[in-house]
Amino acid sequence: MKKRIRLIRGGLVYLSTQRKAASALLATATVSGTADEARSAAPSLSDLWSAVKSTVASGSSANSTASQNSNGARTVSHQPESRTGFVTTGRGLDRQSVPMALFQKSKTLGIWNPAEIDLKKDRDQWEDFSKEEKGLLHHLSAMFMAGEEAVTLDLLPLIRTVAAEGRIEEEIYLTSFLWEEAKHTEFFDLYMKEVMGSPQNLESYHGPMYRILFYEKLPNALNALWTDSSPAAQLKASATYNMIVEGTLAETGYEAYFNMLEERNLLPGLREGITYLKRDESRHIAFALHFLGRLLAEHPSLTGYLEEELGILLGDATNIVHEIFDRYGDEVPFGLNREWFLNYAVKQFQNRIQKLGLG
Numbered sequence: 268m269k270k271r272i273r274l275i276r277g278g279l280v281y282l283s284t285q286r287k288a289a290s291a292l293l294a295t296a297t298v299s300g301t302a303d304e305a306r307s308a309a310p311s312l313s314d315l316w317s318a319v320k321s322t323v324a325s326g327s328s329a330n331s332t333a334s335q336n337s338n339g340a341r342t343v344s345h346q347p348e349s350r351t352g353f354v355t356t357g358r359g360l361d362r363q364s365v366p367m368a369l370f371q372k373s374k375t376l377g378i379w380n381p382a383e384i385d386l387k388k389d390r391d392q393w394e395d396f397s398k399e400e401k402g403l404l405h406h407l408s409a410m411f412m413a414g415e416e417a418v419t420l421d422l423l424p425l426i427r428t429v430a431a432e433g434r435i436e437e438e439i440y441l442t443s444f445l446w447e448e449a450k451h452t453e454f455f456d457l458y459m460k461e462v463m464g465s466p467q468n469l470e471s472y473h474g475p476m477y478r479i480l481f482y483e484k485l486p487n488a489l490n491a492l493w494t495d496s497s498p499a500a501q502l503k504a505s506a507t508y509n510m511i512v513e514g515t516l517a518e519t520g521y522e523a524y525f526n527m528l529e530e531r532n533l534l535p536g537l538r539e540g541i542t543y544l545k546r547d548e549s550r551h552i553a554f555a556l557h558f559l560g561r562l563l564a565e566h567p568s569l570t571g572y573l574e575e576e577l578g579i580l581l582g583d584a585t586n587i588v589h590e591i592f593d594r595y596g597d598e599v600p601f602g603l604n605r606e607w608f609l610n611y612a613v614k615q616f617q618n619r620i621q622k623l624g625l626g
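In our numbering, the protein residues as written are 268 to 626.
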């Protein structure tokens, strides 16, 4: 595949024959200073109580409710509201739901600590790489680490949205989701500092196509939920975050990165971390299929809208792949292959849309 993929607005581009939609969603699924200094700097109890009374008097509250404006967009309002009850003391949690099943997996499969991964062999091997090989590893890692930080930063509006709608099971799972993204961010930051060392400007590896998606479209789609939590806005947010950033780009990148190192028996600590990341991401994508599937079942009229958004976003993803390889020309370190990247990315994308019954 030597030409860039062009996507026609209004429909998805399918690059292989359709397969039957899969039926199962869960198949894969420091404080500075001394203690005395800290105590002396701490506010007194009377100061704290005065601040609390002032906050209450001003009518500020962390509670929020969902409402609908004249344009049909659901908005999250940060106004005081009394509760009428709780799910746990009413119907109880739906422990058979997809979010709760994924939460159980997170509690067993998601328990790993980036700081405990042995990086000694990685440091030794790093010294033997050529300048070009180090450059590629810096390049890919700079994209991964910023991507993981981005999804950590941008998930909160979605959590707030499902909370405002009273979807406690989804909110419970998303707490583990966010925790895992935070660990992924920590892992790449730790690895860069402990093994690779940071070039002067890692963001120089973020090209224009990468910036369109990670600097603009991703935060815009998620942060829009603060003021518009309509089904269409939720579909766009999850499509951008889960289907493209995680389910297409990250999954493709991690698979290629891992295989490249595994075939050469290189950087065992990095491979171990990526193994954990891939396992976490499989649960995240399974949740996205549940989330998007629920929204489409509730609002089937939005199917065309989602297809259109996904088609545009797939173009963004493939442009990023081209941007990576354009930097190296015909001599790509470690033998990475543009066509493999593109084919794998589109295959993963197709698998997901088929599970949603699209196309």
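Cβ atoms here follow ideal geometry from the backbone N, Cα and C, with glycine treated the same way.
**Request:** For N468, count neighbouring C-beta atoms within 10 Å of its own C-beta (all shown protein chains included) and say buried if the count is 16 or more, exposed if not.
**Result:** Result: exposed.
**Three-state class that DSSP yields for S373 in the structure shown** = Note: S373 maps to helix in three-state DSSP.
**Prompt:** Considering only C-alpha positions, which residue in the set L422, A409, W379 and L603 is nearest to T507?
**Reply:** Nearest option by C-alpha distance: L422.
**Request:** Please go through the same chain and pick out, in chain order, the residues whose beta-carbon is closer than 7 angstroms to the beta-carbon of L577, but skip the five residues on each side of it.
**Result:** The answer, listed in chain order, is L279, A506, M510 and I620.
**Request:** Quick one: which unbroken alpha helix (DSSP H) runs of 4-plus residues sit fully inside the region 529-580? Chain order, please.
**Result:** Runs of the alpha helix (DSSP H) lying entirely within the region 529-580 and spanning at least 4 residues, in chain order: 535-565.
**Prompt:** Can you tell me whether G464 is buried or exposed, with buried defined as 16 or more other CB within 10 angstroms of its CB?
**Reply:** Counting the other Cβ atoms within 10 Å of the Cβ of G464 gives fewer than 16, which makes it exposed.
**Item:** Beta-carbon proximity list for L386, same chain, < 6 angstroms, skipping 5 on both sides
**Value:** Result list for L386: E461, V462 and G536, in chain order.
**Prompt:** Excluding sequence positions up to five away, which residues of its chain have a Cβ less than 6 angstroms from the Cβ of L489?
**Reply:** Within the same chain, L489 has close Cβ partners D421, P424 and A504.
**Message:** Going by DSSP, what residue range makes up the alpha helix (DSSP H) through V613?
**Reply:** V613 -> alpha helix (DSSP H) spans R605 to K622.
**Prompt:** Quick one: is V298 buried, meaning 16 or more other Cβ sit within 10 Å of its Cβ, or exposed?
**Reply:** Because V298 sits at a pLDDT of 36, beneath the cut-off of 50, its placement in the model cannot be relied upon, and the point is left open.
**Item:** Cβ neighbour criterion (16 or more within 10 Å) applied to I384
**Value:** Here I384 is buried: its Cβ has 16 or more other Cβ atoms, across all protein chains shown, within 10 Å.
**Item:** Candidates D456, S397, T515 and D395: closest to V613 by CA position
**Value:** Per the Cα distances, T515.
**Message:** Tell me the residue span of the alpha helix (DSSP H) that contains E437.
**Reply:** Counted as a single uninterrupted DSSP element, the alpha helix (DSSP H) harbouring E437 occupies residues I435 to Y458.
**Buried or exposed by the 16-neighbour rule on C-beta atoms within 10 Å, applied to T295** = Low confidence applies to T295: its pLDDT is 39, below 50, so where it sits in the model is not reliable, and the reading given next is rough at best. Burial call: exposed.
**Item:** Meets three-Cβ-pair contact criterion under 8 angstroms: the region 596-607 and the region 542-551
**Value:** The region 596-607, when compared against the region 542-551, does not touch it at the 8 angstroms Cβ threshold.
**Prompt:** On the three-state DSSP scale, how would you describe G626?
**Reply:** Coil.
**Request:** Let me know the secondary structure DSSP gives E461 once reduced to three states.
**Result:** In the three-state reduction of the DSSP assignment, E461 falls in the helix class.
**Request:** Tell me whether the beta-carbon of Y482 lies closer than 8 angstroms to the beta-carbon of F554.
**Result:** In this structure, F554 does not lie closer than 8 angstroms to Y482 by Cβ.
**Under the three-state DSSP convention, the category G514 falls into** = Assignment of G514 by DSSP, reduced to helix, strand and coil, places it in the helix class.
**Item:** Supposed contact pair L407 and G520 - C-beta distance, whole angstroms, cut 8 angstroms
**Value:** Contact between G520 and L407 holds: their C-beta atoms lie close to 7 angstroms from each other, under 8 angstroms.
**Outcome for E606 when other beta-carbon atoms lying within 10 angstroms are tallied against a minimum of 16** = The residue in question, E606, is exposed, as its Cβ has fewer than 16 Cβ neighbours within 10 Å.
**Prompt:** Should R531 go down as buried or exposed, given a rule of 16 or more other Cβ atoms within 10 Å for buried?
**Reply:** Exposed, because fewer than 16 other Cβ atoms sit within 10 Å of the Cβ of R531.
**Closest by C-alpha distance to F454, when choosing among A584, G540 and G352** = The candidate whose alpha carbon is nearest that of F454 is G540.
**Asked** Between E448 and T419, is the Cβ-Cβ spacing less than 8 angstroms?
**Response** Yes, the pair counts as a contact, with Cβ atoms nearer than the cut-off.
**Item:** Extent of the continuous alpha helix (DSSP H) run through L489
**Value:** Boundaries of the alpha helix (DSSP H) around L489: L485 to N490.
**Request:** Enumerate in chain order the residues of its own chain whose CB-to-CB distance from A291 is below 6 angstroms, with the five nearest sequence positions on each side excluded.
**Result:** The pLDDT assigned to A291 is 37, lower than 50, so where the model puts this residue is not dependable, and the model offers no usable value.
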